[in-house]
Amino acid sequence: MKEKTYVSDIDRSIYDIRNEEKDVYQVKEGLTPAIVEQISKEKKDPAWMEEFRLEALQIYNSMKVPDWGPSIEGLDIDHIVTYVKPNTKMSADWSEVPQDIKETFERLGIPQAERKSLAGVGAQYDSELVYHNVKEEVAAQGVIYTDLESAMHGEYADMIRRHFMKLVTPHDHKFAALHGAVWSGGSFVYVPAGVKVSIPLQSYFRLNAKGAGQFEHTLIILEENSSLHFIEGCSAPKYNVANLHAGCVELFVGKNAKLRYSTIENWSKNMYNLNTKRAQVEEGGTIEWVSGSFGSHVSCLYPMSILKGRGARMEFTGITFAGKGQNLDTGAKVVHSAPETSSYINTKSISKDGGASTFRSSVVITKEAEHSKASVSCQSLMLDAISRSDTIPAMDIRNGNSDVGHEAKIGRISDKAVFYLMSRGISEADARAMIVSGFAENVSKELPLEYAVEMNNLIRLEMKGSIG
Amino acid sequence: MTQQILKVSKLTAQTEETEILHGVDLEIGKGETHVLMGPNGAGKSTLGYVLMGNPEYHITAGTIYFKGKDLTSETADQRAKAGMFLSFQEPLEVPGLSLESFLRSALEQRRGGHIRYLDFQKELKAAMEILQMDASYAKRSLNVGFSGGEKKKAEILQLLMLKPDLAILDETDSGLDVDAVRLVSQGIKTYQKNQAGALLIITHSTRILESLPVDQTHVMIDGKIAVTGDGTLVERINESGYEQFSAE
Numbered sequence: 001m002k003e004k005t006y007v008s009d010i011d012r013s014i015y016d017i018r019n020e021e022k023d024v025y026q027v028k029e030g031l032t033p034a035i036v037e038q039i040s041k042e043k044k045d046p047a048w049m050e051e052f053r054l055e056a057l058q059i060y061n062s063m064k065v066p067d068w069g070p071s072i073e074g075l076d077i078d079h080i081v082t083y084v085k086p087n088t089k090m091s092a093d094w095s096e097v098p099q100d101i102k103e104t105f106e107r108l109g110i111p112q113a114e115r116k117s118l119a120g121v122g123a124q125y126d127s128e129l130v131y132h133n134v135k136e137e138v139a140a141q142g143v144i145y146t147d148l149e150s151a152m153h154g155e156y157a158d159m160i161r162r163h164f165m166k167l168v169t170p171h172d173h174k175f176a177a178l179h180g181a182v183w184s185g186g187s188f189v190y191v192p193a194g195v196k197v198s199i200p201l202q203s204y205f206r207l208n209a210k211g212a213g214q215f216e217h218t219l220i221i222l223e224e225n226s227s228l229h230f231i232e233g234c235s236a237p238k239y240n241v242a243n244l245h246a247g248c249v250e251l252f253v254g255k256n257a258k259l260r261y262s263t264i265e266n267w268s269k270n271m272y273n274l275n276t277k278r279a280q281v282e283e284g285g286t287i288e289w290v291s292g293s294f295g296s297h298v299s300c301l302y303p304m305s306i307l308k309g310r311g312a313r314m315e316f317t318g319i320t321f322a323g324k325g326q327n328l329d330t331g332a333k334v335v336h337s338a339p340e341t342s343s344y345i346n347t348k349s350i351s352k353d354g355g356a357s358t359f360r361s362s363v364v365i366t367k368e369a370e371h372s373k374a375s376v377s378c379q380s381l382m383l384d385a386i387s388r389s390d391t392i393p394a395m396d397i398r399n400g401n402s403d404v405g406h407e408a409k410i411g412r413i414s415d416k417a418v419f420y421l422m423s424r425g426i427s428e429a430d431a432r433a434m435i436v437s438g439f440a441e442n443v444s445k446e447l448p449l450e451y452a453v454e455m456n457n458l459i460r461l462e463m464k465g466s467i468g
Numbered sequence: 469m470t471q472q473i474l475k476v477s478k479l480t481a482q483t484e485e486t487e488i489l490h491g492v493d494l495e496i497g498k499g500e501t502h503v504l505m506g507p508n509g510a511g512k513s514t515l516g517y518v519l520m521g522n523p524e525y526h527i528t529a530g531t532i533y534f535k536g537k538d539l540t541s542e543t544a545d546q547r548a549k550a551g552m553f554l555s556f557q558e559p560l561e562v563p564g565l566s567l568e569s570f571l572r573s574a575l576e577q578r579r580g581g582h583i584r585y586l587d588f589q590k591e592l593k594a595a596m597e598i599l600q601m602d603a604s605y606a607k608r609s610l611n612v613g614f615s616g617g618e619k620k621k622a623e624i625l626q627l628l629m630l631k632p633d634l635a636i637l638d639e640t641d642s643g644l645d646v647d648a649v650r651l652v653s654q655g656i657k658t659y660q661k662n663q664a665g666a667l668l669i670i671t672h673s674t675r676i677l678e679s680l681p682v683d684q685t686h687v688m689i690d691g692k693i694a695v696t697g698d699g700t701l702v703e704r705i706n707e708s709g710y711e712q713f714s715a716e
C-alpha cells in the first residue's frame, strides 16, 4: 500500500467569511511620524503616550529585522495599514454592535460563550474594541476589565503609565518597537488583592481589513493572593496580501497570585504573527500558559516568564499544528532569578503537508536562583515525509544546585498502530485522527472545554482528507 | 457439516521482498476451535495478519471468504466489521487514547450505531470482571504502561466486547503467568459459549488448550499447512516435534 498520509487543508469556512470594509477611518499604509501622530490624535492619547509612540517609532527605524527564525520577506511594512477604525463605538450592550460585526462574532461563538461560561468578554474588530462587558458580580469584587484606551484616562491612568511596555520595552526587538508606535485596542485587567475570579475572562481578536495590521495590547495586573483565568482567541479571513499581527501581552503576577493565560490562535494563512508575551511573577506566584497555535503563515511566538520572587512557578503547555505553507516557530522562555523557582515546559507539535514547525526553548537560571527546578519536554509528530520539525533548546545554568531536565522526541504515526485500530473496525482516517488527538490529549485537556472540542474537531477535519 | 465461517483457498502472500505464504488452504466452521502450530518462522503470525488485512503484506494469489463473502481485497476495518478479530501478539500502545473511548468507538463501528454511555459502561464492567481487570484500566491510555499480561487481558476484553464470529489469537498465552493464563482462558471460554464463536489459536504451548476442546489442529511448515488432524495431533507434536512433518 502507498504512503497514505496526505491530509487535506483545514476547513476554515467559519473563519473565512469576510465582511465588506465599512470602516469610517483608516490611516494610509506605511509608517511615518505623521501617521503615528494621526493615530495618537484619533485615539485621544494622553501626552505621554503620544511621546512614547514617537520614540518607539524612532527605535523601530533604528533596529534591524531579526536575522534568525522564519523568513518574513513576504511582509512589507510599507504596505501594511496600521490603524483601521471600525464604524462603531465600543459598547457594553451586544445589541448596539453593528449587524455585520455582530454576525461575525456570533459565528465564532463569542456571545454564546459569554452567556454560558465567562465572567466577561471583550471583542476587538480590526483596531478597536467593539464590545466589552463584565458580569456584575465580578465587577462588584473590584475587578477591572476594560479596554486600555479608556483605562488610560480614568482611575487607573497612573497604574497603566507605570506598567505599559515596562516588561516588553520597545527596545526588545523591531516588532515590539512597531507595537509601541502603533498599538491600538486590547484589554486592561486588574484583579485586587485576595480576589479569586472563579470563571474566565475572554478577549477575542478579529482582523477583517485586508492588508492591515493588528497591534492590540493586553495588560493584566494581579495583586497579592488573587487569581484569574484569561482566554484570548484570534482569527481572520484569508486575503492574498500579507496581514500582520504584532500584539503585546504584559502580565504582572503578584505575591502568591495565580494567573492562567490561555490562547487559541487561528489566524488565516496570510498572517504574519509576530507576537510578544511576557509575565513577571513575584514570590510564590504562578503563571500558567496554555497555548494553541493553528493558524498564520509565519508565527514567531515565545512567551517569556520572569520568575522574580522566591518560589515563583511557571508552567507552559503548548501545541502547534503546522500545515501546508505554514512556518510556525514557537516555544517558551523562562528566566529564574530567585531561589526555589520552578518551570515546567511541555509542548507538542504536529506538522503535515509540507508545514514546518520549530520549537525553541530558552531556560536561564541565574546565580541567585539556587535550588531551582526546570524541565523542558517537547514532542513532535510528522504526518508525512515532506513536513519539517525542529527542536532548538537553549539552557544557561549559573548555579550548581538546580535541577534541570530536557527531553525531545520526534516521531511519525506508526502504521502498525493504525492497523491495530483498524483491526477493531475503525476506519483508517478515524484511526489516524485518534492517534493525533491522543498525541495532543495532554494539551487539549488543559484548554477550556469549548476550545478543546474545537481543537479535536480541527484535528478531525484535518485528517478527513486522508486517502482511505 | 456446520455452517462455514472462514474458507481460505490457495492463499499466497508476501512482504515487499519475500513470499511468506505459499498457498494456504484452511476452513473453519461456526463455533469450531482450530489450533495452528508450527516451528518459528513458518508463517503462522503472517497468516493471522493476512487474514486480518495488514497492509504490510500483499496477497498475490488465492482468496479469503468470510461468512460466504469474498474479503480478499477488503481493508482491515471492513473485515473487523464483518466479524473477524485478531488478538495481537504485541498489542500497540496509543498514548492519549483511553481504552474505554477506543473500545466504545470500535463497538459503535461493529454494531453500526450509537451506543448509550451507561449501557456501554455496564457491559464494560461485566467484561472486565470476568478478566479480573481493575476498573482503572478503562481510563488509561490504550496499552500504555500495561504489563505483558495486562495487554493480553486487554485484548481478550476487546474480544468479549466486540463479539466477533471468528477470533484469531496470536500467541495470546505467551509470557503469561499461571493465573493470567487461567483468566485469559476463562475469557476465551466465555466468548465461545456466548456467541458460539470460532477460534483460530496460534500457539507454541499447550497450556491454553488444556481447558479448550480442540476440533482441528493444523501444522504449518514453510508457509503451507503441512498436516491437519484432530486434537490428538497436539500431543504428537509435543512428543516428537515438527521434524516428522517436514517435506524434506
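Going line by line, the protein sequences match chains U and Z.
So in my numbering, spot 217 of the first sequence is number 217, and the numbers just go up one at a time.
So in my numbering, spot 204 of the second sequence is number 672, and the numbers just go up one at a time.
Ideal placement from N, C-alpha and C gives every residue a C-beta, glycine not left out.
Would you tell me roughly how many angstroms separate the C-alpha atoms of U/A151 and U/H371, rounded to the nearest one? 40 Å
Check whether the Cβ of U/S184 lies closer than 8 Å to any Cβ atom in chain Z. no
According to the neighbour-count rule (16 or more other Cβ atoms, all chains shown, within 10 Å of its Cβ), is U/H297 buried or exposed? buried
Using a 10 Å radius around the Cβ and a threshold of 16 neighbouring Cβ atoms, would you call Z/S679 buried or exposed? exposed
Quick check for students: name the residue ranges of the beta strand (DSSP E) that lie wholly in the stretch 268-294 of chain U, counting only runs of 3 or more. 271-274, 276-281, 286-293
Neighbouring residues, chain Z, relative to U/I350 (Cβ below 9 Å): Within chain Z, no C-beta atom comes less than 9 Å from the C-beta of U/I350; the nearest is roughly 12 Å away.
So with Cβ pairs under 8 Å, would you call Z/K535 a contact of chain U? It does not: the Cβ of Z/K535 has no partner Cβ on chain U nearer than 8 Å.
What is the rounded straight-line gap between the Cα of U/S357 and the Cα of U/N266? 15 Å
Enumerated in chain order, which unbroken segments of the alpha helix (DSSP H) with a length of 4 residues or greater are wholly contained in the stretch 612-669 of chain Z? Complete alpha helix (DSSP H) runs here, min 4: 616-630, 646-663.
To which residues does DSSP link U/H336 through a beta bridge? U/L307, U/I365
Using a beta-carbon distance cut-off of less than 7 Å, what residues from the stretch 500-525 of chain Z approach chain U? M520, N522, P523
Determine whether the Cβ of U/K416 lies closer than 8 Å to any Cβ atom of chain Z. yes
Let's test the definition: count the other Cβ atoms within 10 Å of the Cβ of Z/K512 and tell me whether it reaches 16, buried, or not, exposed. The residue in question, Z/K512, is buried, as its Cβ has 16 or more Cβ neighbours within 10 Å.
Under 8 Å by beta carbon: chain Z residues contacting U/F321: Within 8 Å Cβ-Cβ: nothing; U/F321 doesn't reach chain Z, min ~15 Å.
So which residues on chain Z does U/N61 lean against when the C-beta distance must stay under 7 Å? Those within 7 Å of U/N61 in chain Z number zero; the least Cβ separation is about 48 Å.
Tell me the rounded alpha-carbon separation between Z/H526 and Z/V476. 15 Å
DSSP three-state assignment for U/R179, whether helix, strand or coil: Before going further, note that residue 179 of chain U is His rather than Arg in the sequence given. Three-state DSSP puts U/H179 in a helix.
I'd like to know whether the C-beta of Z/E716 is nearer than 8 Å to at least one C-beta of chain U. Legend: pLDDT at Z/E716 = 46, less than 50; position of this residue unreliable, value from coordinates given subsequently. Taking Cβ atoms only, chain U never reaches closer than 8 Å to Z/E716, which makes this a no.
Using 8 Å as the threshold, is the C-beta distance between Z/V702 and Z/L668 below it? Here Z/V702 is not near Z/L668, since their CB atoms are 8 Å or more apart.
CB-CB length for U/S349 against U/S380, believed under 8 Å: 5 Å
Does DSSP put U/L75 in a helix, a strand or coil? coil
Output yes if chain Z places a C-beta closer than 8 Å to the C-beta of U/Y6; else output no. Legend: pLDDT at U/Y6 = 36, less than 50; position of this residue unreliable, value from coordinates given subsequently. It does not; no Cβ of chain Z falls within 8 Å.
Euclidean distance between Cα positions of U/K28 and U/G425: 59 Å
Between which two residues does the alpha helix (DSSP H) containing Z/K549 stretch? Counting along the chain, the alpha helix (DSSP H) containing Z/K549 begins and ends at 544-550.
For U/T391: DSSP bridge partner residues: U/F359
Between Z/K478 and Z/G521, how many whole angstroms is the CB-CB distance? I'm expecting something under 8 Å. So it is not a contact: roughly 18 Å between Cβ atoms.
Exposure of U/M395, with buried meaning 16 or more beta-carbon neighbours within 10 Å: Around the C-beta of U/M395, fewer than 16 other C-beta atoms lie within 10 Å, and the residue is accordingly described as exposed.
Use the C-beta contact count for U/S71: other C-beta atoms within 10 angstroms, 16 or more gives buried, fewer gives exposed. exposed
Determine the burial state of U/L383: buried for a count of at least 16 other Cβ atoms within 10 Å of its Cβ, exposed for fewer. buried
Below 8 Å CB to CB, which residues in the same chain sit around U/V81 once its five sequence neighbours on both sides are set aside? Taking U/V81 as the centre and dropping the five residues before and after it, the same chain places the C-beta of Q26, V27, K28, E29, A209, G211, A212, G213 closer than 8 Å to its C-beta, in chain order.
Tell me where the alpha helix (DSSP H) around U/H163 begins and ends. From DSSP, the alpha helix (DSSP H) with U/H163 extends over 157-163.
Kindly say whether U/N275, judged by its beta-carbon, lies nearer than 8 Å to any beta-carbon of chain Z. no
Output the boundary residues of the alpha helix (DSSP H) element that contains Z/M520. 512-520
Assign Z/A529 to one of three DSSP states: helix, strand, or coil. strand
Say the cut is 7 Å; is the CB of U/V418 nearer than that to a heavy atom of the ligand PLP? No copy of the ligand PLP appears in this structure; indeed no ligand is present at all.
Any beta carbon from chain Z within less than 8 Å of U/N456's own beta carbon? no
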